[in-house]
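> One structure, as structure tokens, below. Some questions next.
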Amino acid sequence: MILIPAYNEEAAIGHVVDEVHRALPGVPVLVVDDCSEDGTRTVAQLAGAEVLGLPHHLGLGGCVQAGYRLAFEMGFDYVIRLDGDGQHDPRHVPEILEVLKTTGCEMVIGSRFLNGDAKATTVARGLGVRFFRAVLRPILGQPVHDPTSGYVGVNRRALAVFSRTFPLEYPEIEALVVLQRRAFRFREVPVSSRPRKAGRSSITAWKSLYYIIHVLLGVFVNILKIDQRKRRQ
Numbered sequence: 005m006i007l008i009p010a011y012n013e014e015a016a017i018g019h020v021v022d023e024v025h026r027a028l029p030g031v032p033v034l035v036v037d038d039c040s041e042d043g044t045r046t047v048a049q050l051a052g053a054e055v056l057g058l059p060h061h062l063g064l065g066g067c068v069q070a071g072y073r074l075a076f077e078m079g080f081d082y083v084i085r086l087d088g089d090g091q092h093d094p095r096h097v098p099e100i101l102e103v104l105k106t107t108g109c110e111m112v113i114g115s116r117f118l119n120g121d122a123k124a125t126t127v128a129r130g131l132g133v134r135f136f137r138a139v140l141r142p143i144l145g146q147p148v149h150d151p152t153s154g155y156v157g158v159n160r161r162a163l164a165v166f167s168r169t170f171p172l173e174y175p176e177i178e179a180l181v182v183l184q185r186r187a188f189r190f191r192e193v194p195v196s197s198r199p200r201k202a203g204r205s206s207i208t209a210w211k212s213l214y215y216i217i218h219v220l221l222g223v224f225v226n227i228l229k230i231d232q233r234k235r236r237q
């Protein structure tokens with residue numbers, strides 16, 4: 005299944021769903037509409053996606069978890085998530101799926117920076133990526149080049165975990181630590197990144213600062229849980 009969380013992406017979501025259908029004919033596409041205030045739901049349905057409309061705005065983490073839970077209950081073995089703003093090229097989905105199947109890893113991350121040929125959209129974001137790389141390296145026991153990527157594939161084992169518990173805000177980094185708590189594995193594959201099809205990011209300078217503080221607290225809580233698990237072993 006292809007999972008696309010979306011909030012007020014009326015101008016882009018139809019094109020994204022069309023691209024997925026062209027790249028992966030016959031693969032189910034689920035758009036989780038996070039109580040959008042525009043026509044996101046209608047446009048996604050007209051493009052041929054199944055739409056799960058949330059009754060309240062839950063934010064990215066809640067939106068993704070709702071999609072994971074539905075996919076798990078429907079029996080899917082693999083779910084690949086990409087953004088609804090058009091920045092992720094669906095042509096990379098088969099590569100992510102192949103790595104999931106052949107390696108047995110619980111998560112595969114589509115990395116914009118794995119080959120060192122991409123740059124963050126802003127200086128602040130670039131600094132943030134490098135900061136979280138340094139924070140996560142000793143926790144995960146391996147480097148992660150694109151810790152904030154929203155282009156992610158998971159298998160059923162990870163899906164079972166994330167359908168029950170998933171970080172509600174800015175979930176990508178905390179999700180990696182959640183996997184580490186369960187001794188799950190991840191891999192990265194190189195993907196290309198494109199400008200948004202429409203609109204602009206909601207991440208302001210203030211939200212960037214909030215993001216760093218919030219994620220660090222979440223990582224700290226998960227580290228404590230990892231330590232507790234090790235003591236019990």
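Going by my numbering, the sequence shown runs without a break in its numbering and finishes at 237.
Every residue, glycine too, gets a C-beta built ideally from N, C-alpha and C.
Kindly list the residues whose CB is nearer than 7 Å to the CB of T107, restricted to its own chain and excluding five residues on each side of it in sequence; keep chain order.
In the sequence shown, counting from the first residue as 1, residue 107 sits at position 103. Within the same chain, T107 has close Cβ partners R191.
> Quick check on D22: does DSSP put it in helix, strand or coil?
By one-based count along the sequence shown, residue 22 stands at place 18. D22 falls in the helix class under three-state DSSP.
> Which of the three DSSP states is assigned to F190 in this structure?
Mapped onto the sequence shown, residue 190 falls at position 186. Three-state DSSP puts F190 in a strand.
> Using the beta-carbon count (16 or more within 10 Å), is A138 buried or exposed?
Sequence index remark: in the sequence shown, residue 138 carries index 134 (1-based). By the neighbour-count rule (16 or more Cβ atoms within 10 Å), A138 is not buried but exposed.
> Roughly how many whole angstroms lie between the Cα atoms of Y72 and L131?
The sequence position of residue 72 within the sequence shown is 68, counting from 1. The sequence position of residue 131 within the sequence shown is 127, counting from 1. Between Y72 and L131, the C-alpha separation is close to 30 Å.
> Candidates R134, G157, V133 and D87: which alpha carbon is nearest I113's?
Along the sequence shown, read from residue 1 onward, the residue named residue 113 stands at position 109. G157 is the residue among R134, G157, V133 and D87 whose C-alpha sits nearest the C-alpha of I113.
> Answer yes or no: do G154 and R45 have a C-beta to C-beta separation smaller than 9 Å?
By 1-based counting over the sequence shown, the position of residue 154 is 150. By 1-based counting over the sequence shown, the position of residue 45 is 41. No, these two residues do not count as a Cβ contact at 9 Å.
> So, helix, strand or coil for A51, using DSSP?
The sequence position of residue 51 within the sequence shown is 47, counting from 1. Here A51 sits in coil by DSSP.
> I need the straight-line Cα distance from D87 to L180, nearest angstrom please.
Translated into the one-based positions of the sequence shown, residue 87 becomes position 83. Translated into the one-based positions of the sequence shown, residue 180 becomes position 176. One C-alpha to the other measures close to 18 Å.
> Enumerated in chain order, which unbroken segments of the beta strand (DSSP E) with a length of 3 residues or greater are wholly contained in the stretch 72 to 127?
82 to 85 and 111 to 115
> Take every Cβ of the stretch 35 to 54, pair it with every Cβ of the stretch 141 to 152, and state whether three or more of those distances are shorter than 8 Å.
no
> According to DSSP, which residues form a beta bridge with V35?
Here residue 35 refers to the residue found at position 31 of the sequence shown. In the DSSP output, where bridge partners are listed per residue, V35 has I8 and V55.
> What span of residues does the beta strand (DSSP E) with V156 cover, start to end?
The count along the sequence shown starts at 1 and reaches residue 156 at position 152. From DSSP, the beta strand (DSSP E) with V156 extends over V156 to N159.
> From the DSSP secondary-structure annotation, give me the bridge partner or partners of S197.
By 1-based counting over the sequence shown, the position of residue 197 is 193. Per DSSP, H92.
> Give me the Cβ distance between D93 and A16, rounded to the nearest whole Å; I'm assuming they're in contact under 8 Å.
Here residue 93 is taken as the residue at index 89 of the sequence shown, counted from 1. Here residue 16 is taken as the residue at index 12 of the sequence shown, counted from 1. Contact doesn't hold; Cβ gap of about 13 Å is too wide.
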